[in-house]
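Protein chains in written order, with the numbering used here: chain P, 55 to 340; chain V, 55 to 340; chain A, 55 to 340; chain W, 55 to 340.
4 protein chains.
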Amino acid sequence: MKKMGLGAGELGRAYDALSAMRRDRSCTKFVGVAGAVIPAGLRSLIAHMAKHRYFDALVLTGAGVTHDLMEGLGERPLLLRGEASDEALLKKGVHRIYDIAVKRSSYAKLESFVKQVLRSMPAGCYGTYRVVEALGSALKDRGSIVKQCCLSSIPVYSPGIVDSVLGSQIWARSQGRVKINVLEDMNHIVDKAWSSRRAGALFLGGGVPKHFILLAAHTANRPLSYAVQITMDRPEHGGLSGAKLQEAVSWRKLLPGAKRADLICDVSIALPLLVAALEERNDHKP
Amino acid sequence: MKKMGLGAGELGRAYDALSAMRRDRSCTKFVGVAGAVIPAGLRSLIAHMAKHRYFDALVLTGAGVTHDLMEGLGERPLLLRGEASDEALLKKGVHRIYDIAVKRSSYAKLESFVKQVLRSMPAGCYGTYRVVEALGSALKDRGSIVKQCCLSSIPVYSPGIVDSVLGSQIWARSQGRVKINVLEDMNHIVDKAWSSRRAGALFLGGGVPKHFILLAAHTANRPLSYAVQITMDRPEHGGLSGAKLQEAVSWRKLLPGAKRADLICDVSIALPLLVAALEERNDHKP
Amino acid sequence: MKKMGLGAGELGRAYDALSAMRRDRSCTKFVGVAGAVIPAGLRSLIAHMAKHRYFDALVLTGAGVTHDLMEGLGERPLLLRGEASDEALLKKGVHRIYDIAVKRSSYAKLESFVKQVLRSMPAGCYGTYRVVEALGSALKDRGSIVKQCCLSSIPVYSPGIVDSVLGSQIWARSQGRVKINVLEDMNHIVDKAWSSRRAGALFLGGGVPKHFILLAAHTANRPLSYAVQITMDRPEHGGLSGAKLQEAVSWRKLLPGAKRADLICDVSIALPLLVAALEERNDHKP
Amino acid sequence: MKKMGLGAGELGRAYDALSAMRRDRSCTKFVGVAGAVIPAGLRSLIAHMAKHRYFDALVLTGAGVTHDLMEGLGERPLLLRGEASDEALLKKGVHRIYDIAVKRSSYAKLESFVKQVLRSMPAGCYGTYRVVEALGSALKDRGSIVKQCCLSSIPVYSPGIVDSVLGSQIWARSQGRVKINVLEDMNHIVDKAWSSRRAGALFLGGGVPKHFILLAAHTANRPLSYAVQITMDRPEHGGLSGAKLQEAVSWRKLLPGAKRADLICDVSIALPLLVAALEERNDHKP
């Protein structure tokens, strides 16, 4: 594929960068996940990646943690085929994410779980990674990303957690006992980045997860040696989500000679391809 | 313009929705800002909007607060014309945001300002809006968005603040004395949304600012009555940033009959047009 | 605007390039139009541009000519607000172009006009510009782009004409008497480009109109000295429509030092802005 | 994949539609190709598809025929890694298509081939499919798409041929002896569509190839029963290239109940995946 042009060539370079990163034992590997890839169906693949140590630290949006936990409680998303209007879905108690639907009742189930976990936590001020860890530990489903990360001692940061249904449930149920100090996340992730000689990252979508990893790499003085970004966002309007990785060089967030690829593709199409290719070649297994 | 099709028609509908929102005295007006619109040159326009009460609450990314404060300290961004490589920019101490450049020395200046402000704050656990208020109050520049918001008692939330240079400076300089409890932001913004009969929003880009406003509207039981979104992101890959506003109806974040527009345009082009049109018609002035 | 970044800065550069091109009397000015901008509402603006000699040659898609002629026959497009399904529109005899609707009966009216015009033409093999000229001359509506071009002796090329309803009507009604030799278009447009010392172009969308102008400029040894492109297409998948103008330098279709701008914007928003700005400054009037 | 959401779900539906189309012996199958997929590396895959009768008729852009013939003459495109500026490439005699490069000397080689083939054709007025057939027959390379189509009696239409380097070479070398009557293409493709009970299409990119097939299906009264579109273009600005297939229902170009998929993906990534999946399942082989 590297001998092809356009997207196919970039897919080849993404494979190369990920493969080299996977083999590098002196590299702390980060994955950032934004968007709706978990309810789209990539949940078990990312859980598999956690189990098989494709990464050492994970950054999720609040919605990402929400979606993973809800499925862990047995509440699976549905698929829509455009038949119903949003007004009709509202009446049916179904929330829409493009062509995916999540039941309102699933959120209720999540809320009682959250309530119960919060109760078990001593009053205090926590980084988000500790709240996520408490939630993951209480979960039984081994198909869960958060659970698998707990089992493998992989921290899951969610610095934007308050901006999610889960965040609003924590807010409503914490009764002031549990506070979330996001500065602790910075502390922890910087230490994580600093713990190896090199750092690398796979960005599935942009948003807070992408930037938080870049910022940690910079702050820990570990500009990324490997970086693969998969997104459909475009760069010209200046948002960080669509910014080309190249730009991060000027910020000292990415090494000038880093192995990198900017793949413009739906994550739900590209990630399974890349992981399948990585798995197929035995020598890349840890 | 409403009689035109495609983008021009949507621009007309955006004007209509904003104009109706501006006239509605029983509506709490939110603006969410993501992306690089402040260094791109919209800073004074948004400050003008704050001064003239186009909105009652503002949600910024951490980068948004960072960019506004830095200019408030006299550090203006530069424009690039593609002449230098990112490697060369790194050597020159210049960070790139598409075609905009920010000097590394500007960040140093920001850091001493942050340090000084943090020192003046009693030890404690703060919502981001309180930290931003402390920073804005200490600033002298009336061209600043954050300053103008302070002067007009408009809260500025930045729930993703830790994910920014400013956030990392707060982290480095707070010495554990100042903590950031993002749950307090939720508390405050929900109260804000709840304080009027209706709510409305203008979303400049997506990201955390967009979702945090939608979530607040939902939690406060004030689904938006007016909503205008300006973004270049597309909906099909399921991210919230590019999701059509229509989708929010199924979440009870937007009223089924809300006046709304989904404008697919660079914010730096569309916002000046819309505000100019709103200003031109005297009857829309408050 | 030139002092702004991102899209706003590019809009400023687009103005500069167009303004310089308009003042240059030794430059053959081309405009290429693709997409649905005519039924979207830009028809009278482009006709105005023809009348006021903003360009010396026009390249339209077959659909562009079709839409202009139909309106010239009194058949105006409608605007949809998403209320009806495509199945329902099919039953009502209404064809959809995103949020624009064209009545099937309008095409029937066009067909009798085409039939009549073809009858008046001697049997032979014509370039598309001659067929379009015959159609425009027979039209009475001075609000028509094609008519205004006839009145101002501006050739209108439509090398992809067969790929349109108009093309299929010509095919059905020509009865073998009228043939379309697209090589004649190449002949004529190359002469046109060759007739001045310099050439410049405004590309509204990509497609055949964009490339045909670039090819003519190259073939006539008049690489563009001015070029402005307005499109929402992106470059990374390699299509010519979304290709950055810069790329044309390597093809000798654009001069290395050409004044140029790549504006990423809906044409229906950007074109009125640019023409209004050009009109406002008296010194730019010819 | 059909059980997934977002792009992965659409990929599953694309497979389903193509698989059903492949099994349907009463369906004339069309493929339309726009963009730079041939020099990107899909040439041999599309030639393979011709040989194994994945389609009965092909519509190419002029550039598509150009690229296929040049490789057939031994002139292969190169890959760039962004190292050289377009000014430098111009000096080196290399033309750029995003990250692909084509040598100027390759075009010279093509020109002498074209000259020779044109000489062998009797003076007259030809449809583009006949010119392409003459070129393909004269070619020896069985890896060529055009050649394979000749060998399998699959017509290749290129109604926009004049808008390409090949078109300009035909123009320059035909000396008025050879004329191109695009109305003959319409005639031939409508007959082709009409020859089976049903029609189906795979659109790789948009442009003239997409619309010409839709128009032929409509004119022949064979609205498509199967349709798969792979493109990165977006629909909101009204161009046909990015229009959702659904829209074609209102035009009677697509049956309301057609099996269809709108895949938003780089063709160079998606097509190999889809063909590999179709090949893997023996029962789908003809």
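We treat Cβ as the ideally placed atom computed from N, Cα and C, and that holds for glycine.
Between Gln-223(A) and Leu-164(A) a beta carbon distance of about 7 Å is seen, short of the 8 Å cut, so the two are scored as contacting.
Among the residues facing chain A, Ala-90(W) is included, as its CB has a counterpart in that chain under 9 Å away. Here Thr-82(A) is not near Ser-207(A), since their CB atoms are 9 Å or more apart. Listed along chain V are Met-55, Lys-57, Met-58, Gly-59, Leu-60, Ala-62 and Gly-63, each with a C-beta nearer than 9 Å to that of Gly-95(A).
Under the three-state reduction of DSSP output, Val-329(P) falls in the helix class. Close to chain P, meaning a Cβ-Cβ distance shorter than 7 Å, are the following residues of the stretch 256-282 of chain V: Gly-259, Gly-261, Val-262, His-265, Phe-266, Leu-269 and Thr-273. Taking all protein chains in view, the Cβ of Arg-97(W) is crowded by 16 or more other Cβ atoms within 10 Å, so the residue is classified as buried. Minimum Cα-Cα distance from Cys-204(W) among the listed residues Pro-277(W), Arg-227(W), Lys-105(W) and Gly-214(W) corresponds to Lys-105(W).
Residues Leu-317, Ile-318 and Cys-319 of the same chain have their beta carbon placed closer than 8 Å to that of Gly-61(W), with the five preceding and five following residues left out of the count. Residue environment: Gly-230(W) is assigned as exposed (fewer than 16 neighbouring CB atoms within 10 Å of its CB, all protein chains considered). When DSSP reads this structure, Asn-275(W) sits in no beta bridge, so it has no partner. One Cα belongs to Arg-335(A), the other to Arg-76(A), and the distance between them is close to 12 Å. Listed by position along chain V, the residues whose Cβ is nearer than 8 Å to that of Glu-165(W) form an empty set, because the closest Cβ is around 35 Å away. CA-to-CA, the gap between Ala-192(W) and Lys-298(P) works out to about 45 Å.
Between Pro-326(V) and chain A, the shortest Cβ-Cβ separation is below 9 Å. One Cα belongs to Val-156(P), the other to Gly-118(P), and the distance between them is close to 13 Å. Within the model, the alpha-carbon separation for Met-175(V) versus Met-286(W) is close to 51 Å.
Here Val-85(P) has Phe-109, Leu-112 and Leu-256 as same chain residues with Cβ atoms under 6 Å from its own Cβ, once five neighbours each way along the sequence are excluded. Residues of chain V with a Cβ closer than 8 Å to the Cβ of Tyr-152(A) are, in chain order, Gly-59 and Leu-60. In the three-state scheme derived from DSSP, where H, G and I count as helix and E and B as strand, Phe-167(P) is classed as helix.
Counting of Cβ neighbours within 10 angstroms places Gly-254(V) among the buried residues, the total reaching 16 or more. Around Arg-135(P), no beta-carbon contact reaches into chain A at under 8 Å, the shortest distance being about 13 Å. In this structure, Glu-141(A) lies away from Ser-73(W), with their beta-carbon atoms at least 9 Å apart. Separation of Gln-283(P) and Gly-259(P) (C-alpha to C-alpha, rounded to the nearest whole angstrom) is 7 Å. Arg-158(P) sits in a helix when the DSSP states are folded into three classes.
Residues of chain V whose Cβ lies closer than 8 Å to the Cβ of Gly-292(W) are, in chain order, Gly-59 and Leu-60. Per DSSP, reduced to three states, the secondary structure at Arg-135(W) is coil, with no helix or strand assignment.
The DSSP-derived three-state label of Arg-314(A) is strand. Chain V has a Cβ within less than 9 Å of the Cβ of Arg-288(W). If you look at Ala-88(A), you'll find it isn't in any beta strand (DSSP E); DSSP assigns it neither H nor E. A distance below 8 Å between beta-carbons, with the five flanking residues on each side excluded, links Ser-228(P) to the following residues of its chain, in chain order: Leu-172. Membership of His-106(P) in any alpha helix (DSSP H) is not indicated, and neither H nor E is assigned to it by DSSP. The beta carbon of Arg-252(P) sits closer than 6 Å to the beta carbons of Ser-80, Cys-81 and Ser-279 from its chain, once the five residues preceding and following it are set aside; these are given in chain order.
Taken atom to atom, the span from the alpha-carbon of Thr-120(V) to that of Ser-218(V) is near 7 Å. Contact annotation: Thr-115(A) and Gly-214(A) have beta-carbon atoms nearer than 9 Å. Taken in chain order, the complete beta strand (DSSP E) segments of 3 or more residues contained in the stretch 155-239 of chain W are 178-180 and 232-234.
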